[in-house]
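The block underneath contains the structure these notes are about, expressed in structure tokens.
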Amino acid sequence: MKRSTKIILAVVVVLIVARLLLPYFVLRYLNKLMADMGSYTGHVEDVDIALVTGSYQIKDLRIRKINGKIKEPFLYVPKIDLSVEWPSLFKGALVGEVECYRPELNFAFSNNEQASQTGRELDWTKLVKDILPIQINRFAAYDGKIDLVNLFEATKTDLSLEKVALDIRNIRNVEDKETRLPSPVTATGDVPGWGGTMKFGAGMYLLKPIPDFNYNLSFDNLQLVKLNDLARKYGNVDFESGTISVVSEMAMYDGRLVGYFKPLTKEMKIFKLKEPGEDRKIGRFFTELLAEGGTAILKNQKRDQVATRIPLRGTVEKTQTEVWPIIIGVLRNAYVEAFTTEFDNTVTFKDAVENLKEDYKEKRREKKAERKEARQERKEERKQKREERKEARKKEKDG
């Protein structure tokens, strides 16, 4: 047998052995890595590696909270595919793309730590880097599910999203290094518990602790009767029928945001003379009667809708809005021009940048005012001391 043939056979044998053993070592590495993540732990059932194509598959990944009361894992992904992004490789960037199939996220909100499951205790950036050995440039999820348990704890109201599809591209700025928001993000999903659908589209810059973005978000045709727990708790009313859609545009730069929410109700009915099977208190009876009367006055009769526009401005920690624009929006929808469920296209990323600049100017004005006040205080102190010295000299002279 020729030496070249032996070398080829040896290489083939090494590749076969590596192919057989490598998934075993990677699986052990991943499970050891995720065994202790503080208050969370993780486990992977199987790993498959294709050396020739450079692909990497993780099967049945679960991350759950330790000593928690939540039975469902915080994250469950039946299959994750990672592969090298060849077009980016030809541009000199070693990056890959990740695709998750039927992922499930289970959030739970509570003041009780054992009944809470939000994942905020984990450094997810580090975990993803450890699990996925190359930089990610595209992330996609198909047929996902997100459960938000106790989203409104006062009423124990849950929210679920199903058939969630998510696509994030150009995370590493491989294609466009100049644009401020180079990463396009799209997401869609159903809201089965409340009825309706969700759509999300954005441009984002993801390579910073608080990403910059400019998004469009809509929830369409949510059933108002599904919100009755919230309506009874916070408004002392409940809905008999109707739908609500919410449209929002928002832009954020360096943690400063600007945008709006536009809620629109259709065919909303609040008051019913007699509600079968319910012991309605007299207070709620009159509250619903007044609300129904107010709705009749403030709704757009042609479209049978009540709507307004709620402007928002501020930071991630604290947002601000004003009452008068909301009231004017209700009146405008009723008597001037009806709002639509389409985006106003009035919010741009430039608005967020200008918002940040205005914030800096305001802070400079505040500091200037503080310095002026401090100078005035020092001036008064010096004047008082001069008066005291003058008085002291006068006393000495008179003495």
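All residue numbers for the sequence shown refer to the working numbering, where the first residue is 33 and numbers rise by one. All C-beta atoms in this analysis are idealised placements derived from N, C-alpha and C, irrespective of residue type, glycine included.
Within 9 Å, strictly: CB atoms of residue i and residue j
i    : j    : result
M284 : V217 : no
K433 : E272 : Here the chain comprises residues numbered 33 to 431, so residue 433 is not present and cannot be evaluated.
F106 : G151 : yes
E129 : F171 : yes
M236 : I178 : no
K265 : V278 : no
R134 : Y174 : yes
I166 : V127 : yes
V385 : Y292 : no
E281 : N377 : yes
N260 : T275 : no
I163 : L238 : no
T373 : L256 : no
G176 : L191 : no
A67  : T73  : yes
S142 : S115 : no
Simplified DSSP state of residue i, which is helix, strand or coil
i    : result
T218 : strand
Q420 : Note on residue identity: the sequence assigns Glu, not Gln, to residue 420. If DSSP states are grouped into helix, strand and coil, E420 belongs with the helices.
E398 : helix
L321 : Its pLDDT being 49, under 50, L321 is placed unreliably by the model, and nothing is read from it.
E104 : coil
L344 : strand
D179 : strand
E210 : coil
K188 : coil
D113 : strand
P295 : strand
N169 : strand
K411 : helix
E386 : helix
K334 : coil
R32  : Because the chain is modelled from 33 through 431, residue 32 falls outside the range shown and cannot be assessed.
E374 : coil
V196 : strand
K265 : helix
E349 : coil
R425 : helix
V58  : helix
R403 : helix
Boundaries of the alpha helix (DSSP H) in which residue i is found, first to last residue
i    : result
I163 : W156 to I163
Residue i CB to nearest heavy atom of the ligand MN below 8 Å
i    : result
N143 : Among the components of this structure there are no ligands whatsoever, and the ligand MN is therefore not found.
Own chain residues within Cβ distance below 6 Å of residue i, not counting five before or after
i    : result
A234 : V217, F245 and Y247
Q89  : D80 and D113
R94  : H75, P105 and Y108
E131 : D113 and A172
D336 : E299
T220 : A197 and K231
I242 : G287
G225 : S192
Cutoff 8 Å; reference residue i; Cβ partners in own chain excluding five residues on either side
i    : result
T353 : I342, P343, L344 and R345
F318 : Unreliable positioning characterises F318 in this predicted model, as indicated by a pLDDT of 45, which lies under 50. The coordinate reading is nonetheless provided below. None.
P55  : D78, V79, D80 and I81
K161 : none
Close-in-space but distant-in-sequence residues of the same chain around residue i (CB under 7 Å, 5 per side omitted)
i    : result
S71  : K97, I98 and E153
A140 : I102, A147, S148, Q149, V181 and N182
D383 : A283 and V290
N387 : R288, V290 and R345
F251 : V223, G228, M230, S277 and V278
D270 : N260, A263 and R264
E77  : K91 and D92
T189 : L183, D261 and L262
Residue i at chain B interface by Cβ criterion, 9 Å
i    : result
N377 : Among the chains in the structure shown there is no chain B, since it carries only a single protein chain.
The beta strand (DSSP E) enclosing residue i, as first and last residue numbers
i    : result
F251 : D244 to Q255
F139 : E136 to A140
S280 : S273 to Y285
I90  : S87 to K97
K240 : Here K240 belongs to no beta strand (DSSP E), and DSSP marks it neither H nor E.
A82  : Y72 to A82
G228 : Taken as a continuous stretch (DSSP letters only), G228 belongs to no beta strand (DSSP E), as it is neither H nor E.
E131 : V127 to Y133
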